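Inspection log for the structure reproduced underneath, given as structure tokens.
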Amino acid sequence: MTARFHVPADVPDGERLTYLTNIDRATQGSGRLMLMAGDQKVEHLNNDFIGDDVAEDDGDPEHLFRIASQARIGLFATQLGLIARYGPDYATIPYLVKLNAKTNLIPTAAGDPLSRQWHEVSQIVRLRDSSGLNILGVGYTIYPGSQHESVMLAEAARIIFEAHQHGMLAVIWAYPRGQQITDEHDPHLIAGVAGLVACLGADFAKVNAPRGEAGVLREAVRAAGRTGVVCAGGGETTAEGFLERLHTQIHAAGIAGSATGRNIHQRSLDEAIRLCNAISALSVEDATLEQALQIYRGH
Amino acid sequence: MTARFHVPADVPDGERLTYLTNIDRATQGSGRLMLMAGDQKVEHLNNDFIGDDVAEDDGDPEHLFRIASQARIGLFATQLGLIARYGPDYATIPYLVKLNAKTNLIPTAAGDPLSRQWHEVSQIVRLRDSSGLNILGVGYTIYPGSQHESVMLAEAARIIFEAHQHGMLAVIWAYPRGQQITDEHDPHLIAGVAGLVACLGADFAKVNAPRGEAGVLREAVRAAGRTGVVCAGGGETTAEGFLERLHTQIHAAGIAGSATGRNIHQRSLDEAIRLCNAISALSVEDATLEQALQIYRGH
Amino acid sequence: MTARFHVPADVPDGERLTYLTNIDRATQGSGRLMLMAGDQKVEHLNNDFIGDDVAEDDGDPEHLFRIASQARIGLFATQLGLIARYGPDYATIPYLVKLNAKTNLIPTAAGDPLSRQWHEVSQIVRLRDSSGLNILGVGYTIYPGSQHESVMLAEAARIIFEAHQHGMLAVIWAYPRGQQITDEHDPHLIAGVAGLVACLGADFAKVNAPRGEAGVLREAVRAAGRTGVVCAGGGETTAEGFLERLHTQIHAAGIAGSATGRNIHQRSLDEAIRLCNAISALSVEDATLEQALQIYRGH
Amino acid sequence: MTARFHVPADVPDGERLTYLTNIDRATQGSGRLMLMAGDQKVEHLNNDFIGDDVAEDDGDPEHLFRIASQARIGLFATQLGLIARYGPDYATIPYLVKLNAKTNLIPTAAGDPLSRQWHEVSQIVRLRDSSGLNILGVGYTIYPGSQHESVMLAEAARIIFEAHQHGMLAVIWAYPRGQQITDEHDPHLIAGVAGLVACLGADFAKVNAPRGEAGVLREAVRAAGRTGVVCAGGGETTAEGFLERLHTQIHAAGIAGSATGRNIHQRSLDEAIRLCNAISALSVEDATLEQALQIYRGH
Amino acid sequence: MTARFHVPADVPDGERLTYLTNIDRATQGSGRLMLMAGDQKVEHLNNDFIGDDVAEDDGDPEHLFRIASQARIGLFATQLGLIARYGPDYATIPYLVKLNAKTNLIPTAAGDPLSRQWHEVSQIVRLRDSSGLNILGVGYTIYPGSQHESVMLAEAARIIFEAHQHGMLAVIWAYPRGQQITDEHDPHLIAGVAGLVACLGADFAKVNAPRGEAGVLREAVRAAGRTGVVCAGGGETTAEGFLERLHTQIHAAGIAGSATGRNIHQRSLDEAIRLCNAISALSVEDATLEQALQIYRGH
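Residue numbers (the numbering used here), protein chains in the order written: chain A, 805 to 1103; chain B, 805 to 1103; chain C, 805 to 1103; chain D, 805 to 1103; chain E, 805 to 1103.
Encoded structure:
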């Protein structure tokens, strides 16, 4: 399956097998990604983890690890701190270390976003090698259009190169944002940043779902070329609506999988697992929408 | 007791025993922290050390060391300069080196707070190893919501990782502050920064007591997961009031100890020692409020 | 032919042959450059790659590689990410890694341009040596007149020196831009930045075509001395108009070749190849305009 | 005498003797400092060195070295450039290298002060060891209350640590300054910054004389603990007035010596030497005011 | 002759001979400098190199090298890029590498000047040693009074130290400039920055000619002490006027030579050579004004 994948030239020969193994594990042999995003405890502080529509379980960070270890997922993305603290008890999870993060406390109107790199890639490599944790890759968020864009583009480019040098994957969260950005969901703009991520060299670009029907994502998928495009899940919706949209995105636009956070972890453990499995079925196994809904509903 | 503690994966095998020994010493075998904060000589300059309600003793920095060496405490946190100067005469104190600090001379209205790292962790390790001082960990303050947040989050993340690499603990002082922060004592916001500190990987998060009854801290304790939450003592109050509040915080919200500064060192040596011991009894020994008050009152 | 070239003194003796070989390959033995610019996926996001006047092919980044591998070109300039991803399948292309890039999302009126270095030259050298890719040089954009000029001049100077230390070429894109620049196409200003690029030590300066007839470029060519001046192709025009202008620039002003992007890749593969070959004929072989037009028209 | 001094723990065992020898030399065996400040050629440009009330001699920088070599002083503080240029001819002078400096050309109203580190401590060590010059320590100025405070606190802390690592002394010039500072001579504020310098770990804090009678300095002396407080001499005054004020500062407030610049070097060589010796008598030998005045008057 | 020179203590013993040889060559054995400044292609872009009053020759950068190689000069100062490109053909020229430069595109009213270091001194040393070029020293411009002053003072100080460590000279261009500077030609201010350059440790300070008669430079010469003061030549004037002014500056104020750019290179090769030789005669050989004029006029 990973024959679909083109190993980039910045993966040295000696790391080629590691890279392919990581891609194979992360994409569950399909070349497509089912990423469970668990970085919101910084990005949204505690907003996503408590509330009327949020399962009680979600208040405890361990909920994320319980889901990720029991459900069928490709990558679980979160910050190093949580991975280091819970990872030893959840050693089977395939991890992606999110290397930067910012809070939501400064609205864009008060200042363009800036999110800096927390750890060196060499530190992630050291952690991977000394802990035996299943760390397959690294992630980083860029905000094209921010007045601080140049800081983040430079950090992203170097992170991707260094990750590849050590056989790891790199996923870039790419969100146009800043006082000059009037429509963060403009399909053409999202296609632009998807192409930008390809120029940075990432294996996958995680973008926001553009305005309009799922087919508008085709421009982004095309612009990104061999870099896979995955869509952020966005806010809470019904599981059914979510799966339907994802099915369309995959089949109408050819996206390379999904990246979902709140829509998973705000549910109880059992439901979250079933939803993950349904997403994986769609993303990775070419399941039909019906099959996925059955999995979600527990047959 | 420290079985309660989950050694994070960024502590290498060779430093695991050091880390556990440090946790054991800092938490007096309980997994809960009694931290004496002595970093105010930068943060508040001389405001906390002189005045009508402040014991004469407190004008001299050695007062801090006398208390810390004679009372029962888990960690004494202060800047490297004082530790280097007084430490050799107070070698039994368990030290935590506070790695950043700023003055209070610029009000938030005139500029968002920025406090930078003073020393590299490698320098602290060198000091620890060459001096034989009892340096168990490092501390750092972040101001989520400051426009300079990204500088401090990156420094904090790296400090924690590097401390763990050398078997040391890391405590993060986490105070939401900046021109966009309207309520620094909002319980939900404090829960958010407690979760953020968990993502950074710290062993303990020191937060301000939120508005409302002690139970509101439960959200923060939950959000922080395996990272212990301790509450800043805040300004001067009666010792009785202080102990009562702490007792409630521990029993109603499950916080992992206490972090107290002015409420200790603004008292005379004798009273400060008795208060420390009472706090330790509550924090570490599951003493009743009555028992703690007896200790404070000298039986 | 490359006798025309003066090997700069920052190329060490041991890298002299590599440098001369690179110059020879990049200039196709002529000392003059035909550079195909493919860095617009960051600079202009997806704007150049889709639209009524743009060939369908151009939506996919591989289009660039197909052209560059089948046409006669001297250098194909793009970001490392694309080179790493597609390079192994297009190993014969002579690559130039563009080391910085920015988006077009912040208009100059909202902030002077700043484009930072993405990779260290040492990383490019490592990539070249481990991948066997045909990486001949590096590129970098400066914006003289931007309030951030000092950052970019310093990065450019160091990049050029380091590239030469490893036998690689350096091409500087030099565009006066910023809130203090009233006319980016002033011939005297463009001559000034061409001379500036010579002081930085680059082998070629890529400048915008100045206002006025092609002869006004003579000032720039002279100011740059032994550093070759090549002109950016600018936006879409007819192929005939484009070739005519280039012919005049070479013969009236003595420019050292051409650097063309959109005018090439916005065409279908077949037409793009013919246009490249026509440009090469003019730039490198001293073809007449008639001959070049014949090549473009496919005889 | 230097028994009074507590060797800080960041002086490694192997450098302990060097440190004690340096302290002994700098304090002339007394534990108290007579520092001659000669850093005004940057701080005040040529303002202090020419004028109706300034001795003709003072226009030439060598005047500083003549005084420092012939008078009895503990430390002569100036920039590396002058020490390197004149030091070989004045090898007996005990030098302190001032590591940062700024001009007075930007008034605080136009921008908060920022003074950055010029040389690495390792460069000073290299100079000391290769030149044989009598370099006993380093100095650095901080401006608490400046919006750039965080840069200077971090540089100061690291400089002090590194100086101690090599057995050198560290003196911090600490001046509250910035648009938020309304009274730079407030005794309580000066006490605050003296305590801050102790937290940084310096051996001596040089502060401005506070408003009010000399006794108000007691708060600062106490706040600084084992870090000695010395007072800047301030602008020109009569020698008699100067000595009287110093005598009171020492005896009423217990300051650890003096740091004088203009009041010394603006006098002719002969008078400057006599004044230095009188200051040393007061600072170091517990001379009476009468004795000091006799020395100044040449018996 | 170079006995006049005091080798600074930051020149290590092993580099002492190199340093003295460099001084001897640069000052043509006189201890006084005849510096030909050729850094205007960045500082003034192409403004100085084309125009009614400018010799046609001057449009080509090689003009500078032709003059410098055929005339009698002490140092030819320009950017590394030009030296690397033309140096191998002009190997006898004594070079000084100017390490920073900025354009004139941002007027001071729009922003205080900032000019950053382009190359590390270690890179210059590598170039010198591997190329065999006659690189005697390095140069750097500071703008005291700019809000970015602290960046440039720190870079300058370190550059000088590192140059001396490798036996090279250091010349500082020192121009007070910024929105707070009302008179860049104030003699007292120029004396101040000359003294500042001495504190940085440079061998020569290049300053602007102050307002008033040549004698006002005496204050600057005195303030700089053992650091030689040389005057920038300023804009175009008659050669006779230029030589007369220089003669007065040397004899009335004791300046240590001259630093001339436009006044030399804007002339034809032949005239430029004669003017250089006349300047050298005045600067280095104690020629009379009459003798110098004869040399300029070609006997």
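We put the CB at the ideal spot given by N, CA and C, even for glycine. Given the structure is predicted, the values throughout are model-derived calculations rather than measurements.
With a threshold of 16 other beta carbon atoms within 10 Å, E/T896 falls short and is exposed. When DSSP states are grouped into helix, strand and coil, C/Q969 belongs to the helix group. Under the 8 Å Cβ criterion, the segment 974 to 994 of chain E counts as touching the segment 939 to 959 of chain E, having at least three qualifying pairs. Cβ-Cβ separation between A/R1049 and A/A1018: approximately 7 Å, consistent with a contact (criterion under 8 Å). Chain-order list of chain D residues neighbouring E/P980: L909, by C-beta distance under 8 Å. Interface criterion not met: the Cβ of D/A872 is under 8 Å from no Cβ in chain E. Taking 8 Å as the CB threshold, A/I1099 stays off the interface with chain C. Secondary structure at E/F1046: helix, using DSSP grouped into helix, strand and coil. Apart from sequence neighbours up to five positions away, the residues of its chain that approach D/G891 with a beta-carbon distance below 6 Å are L937, ordered along the chain.
Taken atom to atom, the span from the alpha-carbon of E/D916 to that of E/H952 is near 7 Å.
In this structure, D/L1021 is the residue among D/A998, D/L1047, D/G1005 and D/L1021 with its C-alpha nearest to the C-alpha of D/A1056. Exposure of A/H1103 is indicated by the presence of fewer than 16 other C-beta atoms within 10 angstroms of its C-beta. Under the 8 Å criterion on CB atoms, C/S1062 is classed as non-interfacial with respect to chain E. Proximity of A/S950 to chain B, defined by a Cβ-Cβ separation below 8 Å, is not satisfied. A Cβ of chain A is located within less than 8 Å of the beta carbon of C/G891.
Under the Cβ criterion of 8 Å, E/V942 is not counted among the residues facing chain C.
Distance check between B/G833 and each of B/L1093, B/P812, B/I877 and B/S873 places B/I877 closest, using alpha-carbon atoms only. Following the DSSP letters along the chain, one finds D/V1034 inside the beta strand (DSSP E) bounded by residues G1032 to A1036. Under the Cβ criterion of 8 Å, E/V846 is counted among the residues facing chain C.
Every unbroken stretch of the alpha helix (DSSP H) spanning 4 or more residues and falling wholly within the segment 934 to 1003 of chain A is given here in chain order: 953 to 969.
DSSP, read as helix, strand or coil, puts E/Q921 in strand. Residue range L837 to A841 is occupied by the beta strand (DSSP E) that includes C/A841, with no alpha helix (DSSP H) assigned at that position.
Taking every protein chain shown into account, the CB of C/E860 has fewer than 16 other CB atoms within 10 angstroms, so this residue is exposed. If you compare the alpha carbons of B/I939, B/I854, B/D1090 and B/V929 with that of B/N826, the shortest gap goes to B/I939. Interface with chain D (8 Å Cβ-Cβ cutoff): B/I976 is excluded.
Identification of residues in the segment 854 to 873 of chain A having a C-beta nearer than 7 Å to some C-beta of chain B yields I854, G863, D864, P865 and E866, given in sequence order. The three-state reading of DSSP puts A/A1060 in coil, since its state is none of H, G, I, E or B.
A/G1065 has a beta carbon lying at 8 Å or more from every beta carbon in chain B. Counting every other CB atom within 10 Å of its CB across the protein chains shown gives A/R932 a total of 16 or more, marking it as buried. With at least 16 other beta carbons inside 10 angstroms of its own, C/A1028 counts as buried. Beta-carbon to beta-carbon, E/L1073 and E/L1047 are separated by about 19 Å, too far to satisfy the 8 Å threshold.
Against chain B, a Cβ distance below 8 Å from A/R920 picks out S954, V955, L957 and A958. Contiguous beta strand (DSSP E) elements confined to the segment 815 to 902 of chain C occur at 837 to 841, 879 to 882 and 899 to 902, taking only those with 3 or more residues. Bridge partners of E/F1008 according to DSSP: E/V975 and E/G1032.
Under the Cβ criterion of 8 Å, A/S935 is counted among the residues facing chain B. A/Q927 has a beta carbon lying within less than 8 Å of a beta carbon in chain B.
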